[in-house]
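Reading through the structure tokens given below for one structure.
There are 2 protein chains.
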Amino acid sequence: MIIINLDLIKEISRPSPTKIVLLVIDGLGGLPNPKTGKTELETADTPNLDQLATKGICGLIDLVSPGITPGSAPGHLALFGYDPLSFNIGRGVLEAMGIDFDLESGDVAARGNFCTVNEAGQVIDRRAGRISTEKCTELCQLLDGLMIEGVKLFVCPVREHRFIIVFRGEGLASEVSDSDPQQIGVAPRAITALNPQADTMAAIATQFIAQAKTLLAEHYPANMVLLRGFSQRPHLPTMGEVNKLKPAVIASYPMYRGLAKLVGMQVLETGASIEEEFKTLKQNYTDYDFFFLHIKGTDSAGEDGDFDRKVRIIQEVDNALPGLTSLEPDVIVVTGDHSTPALLKGHSWHPVPILLYSKWCRPDRVGEFSESACIFGGLGRFPATQIMPLAMANALKLNKFGA
Amino acid sequence: MIIINLDLIKEISRPSPTKIVLLVIDGLGGLPNPKTGKTELETADTPNLDQLATKGICGLIDLVSPGITPGSAPGHLALFGYDPLSFNIGRGVLEAMGIDFDLESGDVAARGNFCTVNEAGQVIDRRAGRISTEKCTELCQLLDGLMIEGVKLFVCPVREHRFIIVFRGEGLASEVSDSDPQQIGVAPRAITALNPQADTMAAIATQFIAQAKTLLAEHYPANMVLLRGFSQRPHLPTMGEVNKLKPAVIASYPMYRGLAKLVGMQVLETGASIEEEFKTLKQNYTDYDFFFLHIKGTDSAGEDGDFDRKVRIIQEVDNALPGLTSLEPDVIVVTGDHSTPALLKGHSWHPVPILLYSKWCRPDRVGEFSESACIFGGLGRFPATQIMPLAMANALKLNKFGA
Chain A
5 MIIINLDLIK
15 EISRPSPTKI
25 VLLVIDGLGG
35 LPNPKTGKTE
45 LETADTPNLD
55 QLATKGICGL
65 IDLVSPGITP
75 GSAPGHLALF
85 GYDPLSFNIG
95 RGVLEAMGID
105 FDLESGDVAA
115 RGNFCTVNEA
125 GQVIDRRAGR
135 ISTEKCTELC
145 QLLDGLMIEG
155 VKLFVCPVRE
165 HRFIIVFRGE
175 GLASEVSDSD
185 PQQIGVAPRA
195 ITALNPQADT
205 MAAIATQFIA
215 QAKTLLAEHY
225 PANMVLLRGF
235 SQRPHLPTMG
245 EVNKLKPAVI
255 ASYPMYRGLA
265 KLVGMQVLET
275 GASIEEEFKT
285 LKQNYTDYDF
295 FFLHIKGTDS
305 AGEDGDFDRK
315 VRIIQEVDNA
325 LPGLTSLEPD
335 VIVVTGDHST
345 PALLKGHSWH
355 PVPILLYSKW
365 CRPDRVGEFS
375 ESACIFGGLG
385 RFPATQIMPL
395 AMANALKLNK
405 FGA
Chain B
5 MIIINLDLIK
15 EISRPSPTKI
25 VLLVIDGLGG
35 LPNPKTGKTE
45 LETADTPNLD
55 QLATKGICGL
65 IDLVSPGITP
75 GSAPGHLALF
85 GYDPLSFNIG
95 RGVLEAMGID
105 FDLESGDVAA
115 RGNFCTVNEA
125 GQVIDRRAGR
135 ISTEKCTELC
145 QLLDGLMIEG
155 VKLFVCPVRE
165 HRFIIVFRGE
175 GLASEVSDSD
185 PQQIGVAPRA
195 ITALNPQADT
205 MAAIATQFIA
215 QAKTLLAEHY
225 PANMVLLRGF
235 SQRPHLPTMG
245 EVNKLKPAVI
255 ASYPMYRGLA
265 KLVGMQVLET
275 GASIEEEFKT
285 LKQNYTDYDF
295 FFLHIKGTDS
305 AGEDGDFDRK
315 VRIIQEVDNA
325 LPGLTSLEPD
335 VIVVTGDHST
345 PALLKGHSWH
355 PVPILLYSKW
365 CRPDRVGEFS
375 ESACIFGGLG
385 RFPATQIMPL
395 AMANALKLNK
405 FGA
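Which chain is which? The protein sequence lines are A and B, in order. Just so you know, we're using this note's numbering here: the first sequence kicks off at 5 and counts up by one. Just so you know, we're using this note's numbering here: the second sequence kicks off at 5 and counts up by one.
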């Protein structure tokens with residue numbers, strides 16, 4: 005992986021009135037449908053994206069490095085210009101930030117699932133039948149506010165069966181194992197310290213799980229909890245510090261807002277549909293100079309193995325695109341945080357198509373936004389951490405380096 | 005940026021009679037003319053370069069990294085195989101070396117401009133109406149040879165309003181700010197130390213400026229000086245040490261000769277025209293095994309926003325090319341140190357076309373030397389620091405690595 009020198013960008017970046025929009029179509033990259041030989045993006049009818057590809061410059065990005073399948077956090081960190089191998093963000097921290105939980109330095113956060121266990125204590129549903137968010141909220145109130153050995157616990161609902169737990173106290177470390185076994189038919193795993201500094205954390209989490217089991221006993225199917233992704237808030241330089249930008253995020257799903265907040269983006273209130281997200285962009289357009297607009301549906305469709313739905317959502321994005329281009333941002337970047345081929349029903353390692361349009365880009369001969377066309381793009385195949393310097397350059401926000 | 009391991013090259017390089025010519029067309033890369041959709045290089049009629057591209061292998065280089073606009077020094081260091089982020093060369097050092105000033109270890113050099121200030125002390129012309137080199141020489145004699153607190157000052161003319169100043173004495177450090185405000189309508193800036201070790205340097209430079217103001221008072225429009233780029237000669241391993249080459253530079257502009265000397269190249273006396281530079285190559289061809297031939301006019305035309313002049317100069321280079329190819333060097337590399345699109349009137353971040361010809365290159369299908377054709381070249385898009393190892397390999401000057 006090529007490490008982008010954030011200090012270098014910090015040294016040469018300058019504030020300016022130009023605007024950058026980064027449109028992230030989650031899980032954009034795909035694999036060809038065996039019947040047609042075309043990927044989801046290639047199957048979709050996308051006249052607006054194709055036009056932008058014609059006017060712009062295209063390529064393929066690796067989020068972490070070739071062959072590595074990125075999680076959402078490393079994928080997005082790379083898109084924001086941060087080396088995902090240097091900055092590791094735990095799931096607990098991400099989920100906590102996504103619900104606007106104000107994590108303090110030293111807090112340890114974990115992602116929780118309400119789940120169903122049978123009488124033998126084996127997990128039989130990792131999501132407790134996807135209970136409603138209302139039910140989740142009610143159960144979180146049961147668990148919230150416990151004190152264990154001087155450590156205060158915050159338990160807050162996220163959505164459906166998902167919650168976060170935050171441990172606040174002295175001397176906590178996050179290096180403990182997950183209790184979530186990530187499979188059914190087995191008991192939740194014991195939480196163990198991965199180093200001696202985390203002994204206290206493991207003990208307290210273990211006590212919490214015991215108490216939760218008792219408190220939830222009568223709440224079948226949500227009669228147990230699974231915890232994973234214990235983590236502490238890392239220190240990342242903000243995009244304001246590095247790029248001298250005033251950045252904002254438009255995302256309907258908490259985790260992406262959380263990640264964006266971690267690099268200093270302002271969260272904009274938005275409706276969840278693609279149309280509403282683009283409307284939010286228009287409404288806030290004058291107040292920021294960088295927008296991260298996140299589309300979730302493509303990834304969900306890919307994860308569900310629903311090729312056709314992914315195609316339809318890509319088309320929806322294309323339909324909405326004039327709402328973005330009509331604002332005439334100085335730089336438009338369209339890409340994804342990883343591939344999610346419907347054929348694989350999950351994230352994959354395949355590089356992701358990218359297009360960059362600006363008045364100052366040097367257009368290539370690519371006339372369509374697709375995996376196979378982007379191979380021949382002028383940006384070549386490159387690490388996603390280079391997107392931000394490229395976008396900054398095209399927005400004329402970087403000074404020359406050296407004499 | 006991928007760091008090229010100079011120690012590795014040093015370990016495997018071997019002297020041999022084969023010859024390499026690196027032809028640098030300064031600011032070569034461009035942007036399409038909106039009327040034609042073609043860049044300067046694409047517009048130029050270049051049958052000889054196209055023929056070389058057909059026989060050779062092409063690609064696109066990033067001098068620093070994608071999105072970063074290189075100054076001339078980082079651009080050339082990368083071409084010579086040195087990581088430009090590791091080796092930072094100050095402007096003062098470059099200019100000093102370019103006029104053959106023999107910098108000693110510990111000397112601090114700065115670039116100076118004669119400028120015009122009004123009665124309020126504000127800069128009204130940063131270049132004093134571009135006084136003649138003769139006038140500059142006369143004024144430098146006024147200032148040269150001063151002693152301030154035991155530090156000896158050398159003030160030497162460069163060209164037109166440009167001069168260099170070298171401070172020689174004990175305990176000088178170069179970490180001081182510029183006095184050149186880089187704009188008009190304001191007073192020159194005070195020179196301040198950026199760390200405590202540079203206090204002496206700041207004090208002496210400040211005294212010099214005060215004395216210069218007095219000495220120049222009657223010399224309107226050149227009635228003041230601006231200093232910038234205080235720096236000391238860095239230690240770089242020479243191309244002789246790293247590559248076991250006997251290298252020479254042919255360049256009409258001082259700074260490029262200075263940079264070449266810093267990596268151990270022999271400066272060849274040359275006329276300034278393209279034709280004369282190629283003639284110098286021919287005359288000295290038997291005496292060296294590496295030639296860096298620098299063409300300045302393309303960059304100047306680009307900086308002036310003169311698309312057509314840049315096209316004409318590229319054509320001039322193409323016309324002169326048989327003078328190079330007829331010498332039958334083992335390896336010919338043609339590229340630039342950065343892009344200077346006439347549309348941007350300055351250096352830019354766009355990658356630069358490169359062609360490499362040798363008997364042992366593996367030719368690709370590129371049949372024309374242009375930005376858009378080089379996208380499809382066999383060299384791909386790669387960091388410029390890899391050019392020297394590639395050229396060395398193609399000249400059969402590198403041993404196998406490892407057993």
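Virtual Cβ for every residue (Gly too), placed ideally from N, Cα, C. Note that the coordinates shown come from a computational prediction; the quantities given were computed from them, not determined experimentally.
The alpha helix (DSSP H) enclosing residue i, as first and last residue numbers
i	result
Ser235(B)	Unbroken run through Ser235(B) is the beta strand (DSSP E), Met228 to Ser235; no alpha helix (DSSP H).
Lys217(A)	Asp203 to Leu220
Leu328(B)	Pro326 to Thr329
Ala377(A)	Glu375 to Cys378
Val246(B)	Met243 to Asn247
Asn117(A)	First-last for Asn117(A): Val112 to Val121, but that is the beta strand (DSSP E), not the alpha helix (DSSP H).
Asp54(B)	Pro51 to Lys59
Ile391(B)	Ile391 to Asn398
Leu297(A)	Run containing Leu297(A): none in the alpha helix (DSSP H); it sits in the beta strand (DSSP E), Phe294 to Ile299.
Arg261(A)	Pro258 to Leu266
Ala48(A)	Careful: Ala48(A) lies outside any alpha helix (DSSP H) and carries neither H nor E.
Val97(A)	Arg95 to Gly102
Phe91(B)	First-last for Phe91(B): undefined, no H or E at that position.
Interface residues of chain A facing residue i [CB-CB closer than 8 Å]
i	result
His354(B)	Arg366
Asn92(B)	Gly406
His239(B)	Result: empty, since nearest Cβ-Cβ is about 18 Å, beyond 8 Å.
His351(B)	Lys404
Rounded distance between the beta-carbons of residue j and residue i, thought under 8 Å
i	j	result
Phe91(A)	Pro238(A)	6 Å
Leu32(B)	Pro357(B)	7 Å
Leu27(B)	Val338(B)	5 Å
Val170(B)	Met205(B)	Actually they are not in contact, since the Cβ atoms of Val170(B) and Met205(B) sit about 12 Å apart, beyond 8 Å.
Glu281(A)	Leu297(A)	6 Å
Ala57(B)	Val370(B)	5 Å
Leu331(B)	Lys286(B)	6 Å
Under 9 Å from the C-beta of residue i: neighbouring residues of chain A
i	result
Ser76(B)	Gly406 and Ala407
Ile72(B)	Leu12, Ile13, Ile16, Pro393, Ala397, Leu402, Lys404 and Phe405
Leu348(B)	Trp364 and Leu400
Residue(s) in a DSSP beta bridge with residue i
i	result
Ile188(A)	Ile188(A) is not bridged to any residue.
Ser20(B)	Paired residue(s): none; Ser20(B) is not in a bridge.
Tyr361(B)	Ile336(B)
Met151(A)	Lys156(A)
Leu35(A)	Beta-bridge pairing links Leu35(A) to no other residue.
Leu402(A)	Ser17(A)
Pro238(B)	Answer is none; Pro238(B) lacks a bridge partner.
Gly63(A)	Ile358(A) and Gly384(A)
Ile29(A)	Ile299(A)
Ser352(A)	Ser343(A)
Ala411(A)	The requested residue 411(A) does not occur in the structure, where chain A is confined to residues 5 to 407.
Range of the contiguous beta strand (DSSP E) that encloses residue i
i	result
Val162(A)	Val155 to Arg163
Val170(B)	Arg166 to Arg172
Asp129(B)	Val127 to Asp129
Ala82(A)	First-last for Ala82(A): Ser76 to Leu83, but that is the alpha helix (DSSP H), not the beta strand (DSSP E).
Pro387(A)	Gly384 to Pro387
Pro251(A)	Pro251 to Ile254
Residue i: contacting residues in chain A (beta-carbon distance under 7 Å)
i	result
Arg385(B)	Gly384
Glu375(B)	Arg366
Neighbouring residues, chain B, relative to residue i (Cβ below 8 Å)
i	result
Phe380(A)	Ile379 and Phe380
Gln390(A)	Ser69, Pro70 and Gly71
Arg369(A)	Ser376 and Ile379
Below-8 Å beta-carbon distance, residue i vs any chain D residue
i	result
Leu297(B)	Reference to chain D is not applicable here, since the protein chains of this structure are A and B.
### Query
Can you list, in chain order, the residues of the segment 161-176 of chain B whose Cβ is nearer than 8 Å to any Cβ on chain A?
none
### Interface positions of the segment 96-116 of chain A facing chain B (Cβ-Cβ less than 9 Å), listed along the chain
none
### Query
Quick one, which residues of the segment 307-318 of chain B are near chain A if we go by CB-CB under 8 Å, in chain order?
none
### Query
Given a limit of 9 Å on CB to CB distance, which residues of the segment 26-47 of chain B reach chain A?
Gly33, Gly34, Leu35, Pro36, Gly41 and Thr43
### Message
Taking beta-carbon pairs under 7 Å, can you tell me which members of the segment 218-235 of chain B lie near chain A?
### Response
Per Cβ criterion, the list reads Gly233.
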